[in-house]
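For reference, the structure is listed below as structure tokens.
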Amino acid sequence: STWSSFNTTSVPLDVDEMKSVELRVTPPVSPKLDVGDYDIEVRVSSVGSPLANQTITFTVEVEPVYDINASIHASVAFVDPGQNASFGVTITNKGNGQDTFVGGKTGDNLPWVKISPLAVGLDAGETTTVSITVAVPSSAAEQDSDNILSFTSQGDAGVLDTLDISTHVNLV
272 STWSSFNTTS VPLDVDEMKS VELRVTPPVS PKLDVGDYDI EVRVSSVGSP
322 LANQTITFTV EVEPVYDINA SIHASVAFVD PGQNASFGVT ITNKGNGQDT
372 FVGGKTGDNL PWVKISPLAV GLDAGETTTV SITVAVPSSA AEQDSDNILS
422 FTSQGDAGVL DTLDISTHVN LV
């Protein structure tokens with residue numbers, strides 16, 4: 272296996288003698304492995320008697336890795352009062368297993384900002400688009416409305432990505 276290596280390739284033994292051999296296991300970093308158990312089989316045999324052999328199976332457990340990438344093509348919109356600004360946010364699950372990402376928002380005029388859908392479930396490597404709509408009331412004055420959008424992993428709340436959007440309400 273390309274995952275494993277030994278500190279030696281051969282160990283001389285006398286009758287009834289035992290020696291330890293170190294097995295190093297290094298799962299690949301890229302591409303990320305799926306969550307689960309992976310078996311590594313090691314076959315030990317005698318140089319003097321090839322029929323004298325034994326196979327040992329070691330199990331390596333790959334635990335979840337949570338990661339996200341959020342991106343937006345255009346982060347600034349200019350709209351008249353009573354109109355909507357629309358943004359498309361691309362969410363990619365960069366982790367190695369299924370995860371759900373929940374959108375959040377901070378900043379100006381929060382009631383204007385809608386994230387749809389608010390939560391998306393994605394398999395490892397899967398990508399989707401989330402719609403952001405800023406519904407500017409017809410009574411809004413000329414202003415810049417700035418918001419920070421966040422998308423947080425439900426597998427690990429410390430894993431999130433943020434984006435800035437700005438909606439300029441035109442003077443009419």
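If you're matching positions, the sequence shown starts at 272 in our numbering and goes up one per residue. Where is the CB? At the ideal position from N, CA and C, for every residue including glycine. Predicted model, so just to flag it, every value in this text is computed and none were measured.
Where residue i and residue j are concerned, what is the direct C-alpha to C-alpha distance, given to the nearest angstrom?
i	j	result
THR326	GLU312	7 Å
ASP394	THR400	14 Å
TRP274	VAL296	5 Å
VAL430	VAL286	55 Å
Considering only residues of the same chain and omitting the five flanking positions on each side of residue i, which have a CB-CB separation below 7 Å?
i	result
THR248	In the structure displayed, the chain extends from 272 to 443; residue 248 sits before or after that span and is not available.
VAL350	ALA356, VAL407, THR438, VAL440 and ASN441
SER316	ALA323 and ASN324
TRP383	VAL405, ALA406, VAL407 and SER416
Apart from the five residues on each side of it in sequence, which residues of its chain come closer than 8 Å, Cβ to Cβ, to residue i?
i	result
VAL373	LEU389, ALA390, PHE422, THR423 and GLN425
VAL333	PRO298, LEU304, ASP305, VAL306, GLY307, ASP308, TYR309 and ASN367
GLN354	VAL407
Thinking residue i and residue j are a contact (beta carbons under 8 Å), I'd like their distance in whole angstroms, please.
i	j	result
ILE386	ASN364	Rounded, the Cβ-Cβ distance is 17 Å, inconsistent with contact.
THR433	LEU420	7 Å
Report yes if the C-beta of residue i is less than 7 Å from at least one heavy atom of the ligand MN; otherwise report no.
i	result
ALA323	In the structure shown, the ligand MN is absent, as is every other ligand, since no ligand is present at all.
- Message: Taking contact to mean 3 or more Cβ pairs, one atom from each stretch, closer than 8 Å, check whether the segment 423 to 441 and the segment 357 to 368 are in contact.
- Response: yes
- Task: Taking only runs that begin and end inside the segment 299 to 330, name each unbroken beta strand (DSSP E) of 3 or more residues, in chain order.
- Result: 307 to 316, all fully within the segment 299 to 330.
- Message: Using a Cβ distance threshold of 8 Å, determine whether the segment 314 to 324 contacts the segment 409 to 426, with at least three qualifying pairs required.
- Response: no
- In the segment 388 to 443, which residue ranges form an unbroken beta strand (DSSP E) of at least 3 residues, counting only runs that do not cross its ends? 390 to 393, 398 to 406, 414 to 424 and 431 to 440
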